[in-house]
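Participant:
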Amino acid sequence: MDIKIDDLNGGEVVQLLKEHLEDMYATSPSESVHALDVSALKV
């Protein structure tokens, strides 16, 4: 595994985060989802 700092402008990382968040909302109660979307992570 290669871990790097990312500015969240790359398509691969953004897609991974989007898919993760979608999966969390699909499989968990909304009050149990503690993930931020990409725009919130950029702040």
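Following numbering that gives the first Met the number 0, the numbering of the sequence shown begins with 0 at its first residue and continues without gaps. Beta carbons: idealized from backbone N, C-alpha and C, even for Gly.
For Met23, does the three-state DSSP call read helix, strand or coil?
Facilitator: Of the three classes helix, strand and coil, the one that applies to Met23 here is helix, per DSSP.
Participant: What is the DSSP secondary structure of Lys17, reduced to helix, strand or coil?
Facilitator: Lys17 falls in the helix class under three-state DSSP.
Participant: So, using beta-carbon positions, are Gln16 and Val37 closer together than 7 Å?
Facilitator: This sequence places Leu at residue 16; Gln is not what is there. Cβ atoms of Leu16 and Val37: closer than 7 Å.
Participant: When every heavy atom of the ligand ATP is checked, does at least one fall within less than 6 Å of the C-beta of Lys3?
Facilitator: Among the components of this structure there are no ligands whatsoever, and the ligand ATP is therefore not found.
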